[in-house]
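**Student:**
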Amino acid sequence: MGAKSRSKGCWAWLLVLVVLALVVTAIVVAIVKKKSNSSDDDDGPVPGPPGAITQKYSDALKLAVQFFDIQKSGKLVDNKISWRGDSGLKDGSDEKLDLSKGMYDAGDHMKFGFPMAFTATVLSWSILEYGDQMDAVNQLQTAQGSLKWITDFLVNAHPKDNVLYIQVGDPKKDHDCWNRPEDMTGKRPLTQINSSSPGTEVAAETAAAMASASLVFKKSDATYSATLLKHAKQLFTFADKNRGSYSQSIPEVQEFYNSTGYGDELLWAAAWLYHATGDQSYLDYVTGDNGEEFAQFGKPTWFSWDNKLAGTQVLLSRLSFFGGKDTSGNSGLQKYRKTAEAVMCGLLPNSPTATNSRTENGLIWVSEWNALQHPVSSAFLAALYSDYMLTSRASKLECDGDSYKASDIRKFARSQANYVLGENPLKMSYLVGYGDKYPKYVHHRGASIPANKKPNCREGFEYLNTKDPNPNVAVGALVGGPFLNETYVDARNNSRQGEPSTYNSALIIGLLSGLVTTSSAVQSFT
1 MGAKSRSKGC
11 WAWLLVLVVL
21 ALVVTAIVVA
31 IVKKKSNSSD
41 DDDGPVPGPP
51 GAITQKYSDA
61 LKLAVQFFDI
71 QKSGKLVDNK
81 ISWRGDSGLK
91 DGSDEKLDLS
101 KGMYDAGDHM
111 KFGFPMAFTA
121 TVLSWSILEY
131 GDQMDAVNQL
141 QTAQGSLKWI
151 TDFLVNAHPK
161 DNVLYIQVGD
171 PKKDHDCWNR
181 PEDMTGKRPL
191 TQINSSSPGT
201 EVAAETAAAM
211 ASASLVFKKS
221 DATYSATLLK
231 HAKQLFTFAD
241 KNRGSYSQSI
251 PEVQEFYNST
261 GYGDELLWAA
271 AWLYHATGDQ
281 SYLDYVTGDN
291 GEEFAQFGKP
301 TWFSWDNKLA
311 GTQVLLSRLS
321 FFGGKDTSGN
331 SGLQKYRKTA
341 EAVMCGLLPN
351 SPTATNSRTE
361 NGLIWVSEWN
371 ALQHPVSSAF
381 LAALYSDYML
391 TSRASKLECD
401 GDSYKASDIR
411 KFARSQANYV
421 LGENPLKMSY
431 LVGYGDKYPK
441 YVHHRGASIP
451 ANKKPNCREG
461 FEYLNTKDPN
471 PNVAVGALVG
481 GPFLNETYVD
491 ARNNSRQGEP
501 STYNSALIIG
511 LLSGLVTTSS
521 AVQSFT
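Residue 218 in the UniProt record's numbering sits at position 218 of the sequence shown, with consecutive numbering throughout.
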């Protein structure tokens, strides 16, 4: 009996020790996980001037900026694309306007003002935030030149205070053709918004483009900067005083760039005008009743050509990071920052509030059409926000009880960029020209037709349907991207996956410029 009792006692103590060991292990694992989540290793010192260059991002950036040259309309200056030439030279002539410049939005020959203006705003933002980093790899001047090519068009498209030309070409007739832009022969009708046929979202987005670009050119060309700012102010007033969606005024646009609302563009434009002018009325606009009506505080959204809320929240959050006396303690700005934090928490893959809108291998995935717009735009915002945190030495980002640092957010941004550049199941770059494997059948008319051929509108479909790869490489084009199951069909008539766009290019340029090296965030754009 005594031996059995001692044996039972030993087993009891052993069981207690095992339980204690399991408890200790669980605590250690929880602590380690918490440390892993929050990256408790220090983010390091605040960076100064641009540091070491990350070569793959530099190589990709140098390619990405070239796509804007491919998309240019008008009398080309210092043309570096051998298979492109002058086109659209008479655009606007019916109304005695010069609308020859600007850019074709995607693989066709339309000039859509709404996405073109967004392209300019994002490109301006990228230059303002990361101009020094672009300059470190000799891409700043090229980016500025592409921006001015668009803003020259936008200035001419706004001949009167309450008139803005928002489209060049007939999209249905245009899409019935497959030829080179240099060989267009059909009429190019113009579409305008005005007081009786309003388009608040387009006017406000164009105001944002003008205001942000005025900051880009403020030091190098003060006269041009002032012109841009004058147009921005006029367009914002036009947009705000004549509220109405262009999708309602001009129902035909719904098939191509349908707008889901204009409140986001009004806030976006006012935010940029505050940065450009310092005028308190614009700050009051976004933090007052209009913010309450349109900002959707506390509800994360996706940044895109149609929805600017997440971009506005990040843009205004920089005021709470770096702002002066006029912005400190502003409760309205804090709402924008809190919502920007919610956006970031949703993007971080290990966050308790992480979005489920991802592929199995971690790519943000929201839409089957042009799938890469959302991961690239999200990563761009993440790169910006991480730099704001790092430069300001902000405390950790709190996501429903878990803490994260600037380095965690930047890691997410890199993951999306790396996926685009080939770290994906197909081992393929979605940026044309980067790496050894990339799409060869891009949905792009000019790229698909040999430069020495001049097919008419209908004859060109021979080149759409051929099984041969494109004879011209659309270098720097960011195609639509993979399906949710991470497959990609490289076929020229697969426009939902294979068509590039200028607004995607602006976003990838911003992202790559943010990752190519590190430097302190600009604390003021003026």
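Just so you know, even glycine gets a beta-carbon here, dropped at the ideal spot from N, CA and C.
Tell me, please, which residues DSSP counts as bridged to residue 112.
**Tutor:** Numbered from its first residue, the sequence shown carries residue 112 at position 112. DSSP lists 167 as partners of residue 112.
**Student:** Apart from the five residues on each side of it in sequence, which residues of its chain come closer than 7 Å, Cβ to Cβ, to residue 489?
**Tutor:** For the purposes of this step, residue 489 is taken as residue 489 along the sequence shown, with counting starting at 1. Answer for residue 489: 497, listed in chain order.
**Student:** Provide the residue span of the alpha helix (DSSP H) that contains residue 404, from first to last.
**Tutor:** Residue 404 sits at position 404 when you count from the first residue of the sequence shown. That residue, residue 404, is in no alpha helix (DSSP H); its beta strand (DSSP E) goes 402 to 404.
**Student:** Quick check on DSSP: helix, strand or coil for residue 358?
**Tutor:** For the purposes of this step, residue 358 is taken as the residue at position 358 of the sequence shown. DSSP places residue 358 in strand when its eight states are reduced to three.
**Student:** Which same chain residues, not among the five before or five after residue 484, have their C-beta less than 7 Å away from its C-beta?
**Tutor:** Residue 484 sits at position 484 when you count from the first residue of the sequence shown. Cβ neighbours of residue 484 beyond the five flanking positions: 359 and 365.
**Student:** Assuming residue 419 and residue 428 are in contact, meaning their beta carbons sit under 8 Å apart, how far apart are those beta carbons, in whole angstroms?
**Tutor:** In the sequence shown, counting from the first residue as 1, residue 419 sits at position 419. In the sequence shown, counting from the first residue as 1, residue 428 sits at position 428. Their Cβ separation, rounded to whole angstroms, is 10 Å, which puts residue 419 and residue 428 out of contact at 8 Å.
**Student:** For residue 44, which of helix, strand or coil comes out of DSSP?
**Tutor:** For the purposes of this step, residue 44 is taken as residue 44 along the sequence shown, with counting starting at 1. DSSP places residue 44 in coil when its eight states are reduced to three.
**Student:** From 316, 493, 421 and 442, pick the residue whose C-alpha is nearest to that of residue 57; which is it?
**Tutor:** Numbered from its first residue, the sequence shown carries residue 57 at position 57. With distances taken between Cα atoms, residue 57 lies closest to 421.
**Student:** Nearest CA to the CA of residue 202: which residue from 171, 83, 240 and 369?
**Tutor:** Along the sequence shown, one-based indexing puts residue 202 at 202. Here the closest residue by C-alpha is 240.
**Student:** Which residues in the same chain have their Cβ closer than 8 Å to the Cβ of residue 46, if we skip the five residues on either side of it in sequence?
**Tutor:** Working through the sequence shown from its first residue, we reach residue 46 at position 46. Only 390, 391, 393 and 520 meet the Cβ criterion.
**Student:** Could you tell me whether the segment 181 to 200 touches the segment 159 to 171, where touching means 3 or more Cβ pairs closer than 8 Å?
**Tutor:** Yes, they touch.
**Student:** Identify the continuous beta strand (DSSP E) that holds residue 193 and give its terminal residues.
**Tutor:** In the sequence shown, residue 193 corresponds to position 193, counting from 1. Unbroken beta strand (DSSP E) run through residue 193: 190 to 193.
**Student:** Does the segment 399 to 409 come into contact with the segment 340 to 357, if we say contact requires no fewer than three beta-carbon pairs (one atom in each stretch) closer than 8 Å?
**Tutor:** Touching, yes, given that three or more Cβ pairs across the two stretches are closer than 8 Å.
**Student:** Going by DSSP in three states, residue 399 sits in which element: helix, strand or coil?
**Tutor:** The residue labelled residue 399 in the question sits at position 399 within the sequence shown. In this structure, residue 399 counts as strand in the three-state DSSP scheme.
**Student:** Could you tell me which of 97, 469 and 372 sits nearest to residue 504, measuring between CA atoms?
**Tutor:** Residue mapping note: residue 504 aligns to position 504 of the sequence shown, counting from 1. When only C-alpha atoms are compared, the closest one is 372.
**Student:** If contact is defined by three or more beta carbon pairs under 8 Å, each pair taking one atom from either stretch, is the segment 115 to 132 in contact with the segment 204 to 218?
**Tutor:** Judged by Cβ distances under 8 Å, the segment 204 to 218 makes contact with the segment 115 to 132, as three or more pairs qualify.
**Student:** Hey, would you say residue 341 sits closer than 7 Å to residue 308, going by beta carbons?
**Tutor:** Start at 1 with the first residue of the sequence shown, and residue 341 comes out as number 341. Start at 1 with the first residue of the sequence shown, and residue 308 comes out as number 308. No, they are not a contact pair.
**Student:** Below 7 Å between beta carbons: does that hold for residue 312 and residue 267?
**Tutor:** In the sequence shown, counting from the first residue as 1, residue 312 sits at position 312. In the sequence shown, counting from the first residue as 1, residue 267 sits at position 267. Cβ atoms of residue 312 and residue 267: closer than 7 Å.
**Student:** Over what stretch of residues does the alpha helix (DSSP H) that includes residue 487 continue unbroken?
**Tutor:** The residue you call residue 487 lines up with position 487 of the sequence shown. Per DSSP, residue 487 belongs to no alpha helix (DSSP H) and is neither H nor E.
**Student:** Only counting the same chain, and skipping five residues up and downstream in sequence, which positions put a Cβ closer than 8 Å to that of residue 228?
**Tutor:** Position 228 of the sequence shown, counting from 1, holds the residue named residue 228. Only 151, 155, 210, 211, 213, 214 and 217 meet the Cβ criterion.
**Student:** Hey, residue 454 and residue 183: beta-carbon distance below 7 Å or not?
**Tutor:** The residue you call residue 454 lines up with position 454 of the sequence shown. The residue you call residue 183 lines up with position 183 of the sequence shown. Yes, they are a contact pair.
**Student:** Less than 6 Å between the CB of residue 266 and some heavy atom of the ligand COA, yes or no?
**Tutor:** Because no ligand of any kind appears in the structure shown, any question about the ligand COA cannot be addressed here.
**Student:** Which class does residue 87 belong to by DSSP, given the choice of helix, strand or coil?
**Tutor:** Taking the first residue of the sequence shown as position 1, residue 87 is located at position 87. In the structure shown, residue 87 sits in a strand (DSSP, three-state: E or B).
**Student:** Counting only runs that start and end within the segment 190 to 241, where is the beta strand (DSSP E) found for 3 or more residues in a row?
**Tutor:** Runs found: 190 to 193.
**Student:** Out of 63, 89 and 178, state which residue places its alpha-carbon closest to the alpha-carbon of residue 449.
**Tutor:** Mapped onto the sequence shown, residue 449 falls at position 449. Per the Cα distances, 178.
**Student:** Taking only the alpha-carbon atoms, compute the straight-line gap between residue 98 and residue 91 and give it to the nearest angstrom.
**Tutor:** Looking up residue 98 in the sequence shown gives position 98. Looking up residue 91 in the sequence shown gives position 91. Taking the straight line from one Cα to the other gives about 7 Å.
**Student:** Where residue 486 and residue 354 are concerned, what is the direct C-alpha to C-alpha distance, given to the nearest angstrom?
**Tutor:** On the sequence shown, residue 486 is found 486 positions in, with the first residue counted as 1. On the sequence shown, residue 354 is found 354 positions in, with the first residue counted as 1. Looking at the two C-alpha atoms, the distance is approximately 20 Å.
**Student:** Using a threshold of 7 Å, state whether the C-beta atoms of residue 110 and residue 169 are closer than that.
**Tutor:** In the sequence shown, the residue the question calls residue 110 occupies position 110. In the sequence shown, the residue the question calls residue 169 occupies position 169. Going by C-beta atoms, residue 110 is nearer than 7 Å to residue 169.
**Student:** Please list the terminal residues of the continuous alpha helix (DSSP H) segment that includes residue 162.
**Tutor:** In the sequence shown, the residue the question calls residue 162 occupies position 162. Counting along the chain, residue 162 falls outside any alpha helix (DSSP H), and DSSP gives it neither H nor E.
**Student:** Per DSSP, what kind of secondary structure is residue 372 in: helix, strand or coil?
**Tutor:** Position 372 of the sequence shown, counting from 1, holds the residue named residue 372. Three-state result, residue 372: coil.
**Student:** Taking its Cβ as the centre, do 16 or more other Cβ atoms sit within 10 Å of residue 48, making it buried, or is it exposed?
**Tutor:** In the sequence shown, residue 48 corresponds to position 48, counting from 1. Exposed, because fewer than 16 other Cβ atoms sit within 10 Å of the Cβ of residue 48.
**Student:** Taking just the CA atoms, how far does residue 64 sit from residue 475?
**Tutor:** For the purposes of this step, residue 475 is taken as the residue at position 475 of the sequence shown. For the purposes of this step, residue 64 is taken as the residue at position 64 of the sequence shown. Whole-angstrom Cα-Cα distance: 7 Å.
**Student:** Keeping to the same chain, check which residues put their C-beta closer than 7 Å to that of residue 471; ignore five residues upstream and five downstream.
**Tutor:** If you number the sequence shown from 1, residue 471 lands on position 471. Only 450 meet the Cβ criterion.
**Student:** Over the uninterrupted alpha helix (DSSP H) stretch that includes residue 504, give me the two end residues.
**Tutor:** Residue numbering aside, residue 504 sits at position 504 when the sequence shown is read from its first letter. Element bounds for residue 504: 502 to 515.
**Student:** Let me know if residue 301 comes out buried or exposed under the rule of 16 or more other beta-carbons within 10 Å of its beta-carbon.
**Tutor:** The count along the sequence shown starts at 1 and reaches residue 301 at position 301. Buried is the call here.
**Student:** Answer yes or no: do residue 250 and residue 376 have a C-beta to C-beta separation smaller than 7 Å?
**Tutor:** Sequence index remark: in the sequence shown, residue 250 carries index 250 (1-based). Sequence index remark: in the sequence shown, residue 376 carries index 376 (1-based). Not a contact, by the Cβ cut-off of 7 Å.
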